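Encoded as structure tokens, the structure appears first; notes follow it.
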Amino acid sequence: MAHEHVVAGIAAALGAGALTADAIALEARKAAEADDPHTAEDQTEEPEPSPVSAYSSACSVRYG
4 MAHEHVVAGI
14 AAALGAGALT
24 ADAIALEARK
34 AAEADDPHTA
44 EDQTEEPEPS
54 PVSAYSSACS
64 VRYG
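Here you go:
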């Protein structure tokens with residue numbers, strides 16, 4: 004993530020009165036997405052399930 008997005012995230016979070024790292028990260032991500040609209044489109048794809056969750060799902064079907 005670019006420095007200017009982090010700075011924008013800090014400014015937005017402080018302006019909203021949210022003084023947590025999560026709020027800063029969220030605002031920085033929103034600033035990055037606003038700067039590059041293709042980023043938001045790329046994140047809408049469904050991620051592949053992890054091997055652990057796939058195994059857990061298979062076990063719950065078999066033994067559940």
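Residue numbers (our numbering): 4 to 67. Even for Gly, the Cβ is constructed at its ideal location relative to N, Cα and C. Bear in mind that the values here come from a model prediction, so they are computed numbers and not experimental data.
Endpoints, alpha helix (DSSP H) assigned at residue i
i: H38; result: Looking at the sequence provided, one finds Asp at residue 38 rather than His. Residues 24–38.
i: E7; result: 6–19
Beta-carbon proximity of residue i to residue j, cut-off 7 Å
i: A31; j: H6; result: no
i: P28; j: A11; result: For clarity, residue 28 is Ala in the given sequence; the question names Pro instead. Not a contact, by the Cβ cut-off of 7 Å.
i: R26; j: A16; result: It should be noted that the sequence gives Ala, not Arg, for residue 26. Yes, these two residues count as a Cβ contact at 7 Å.
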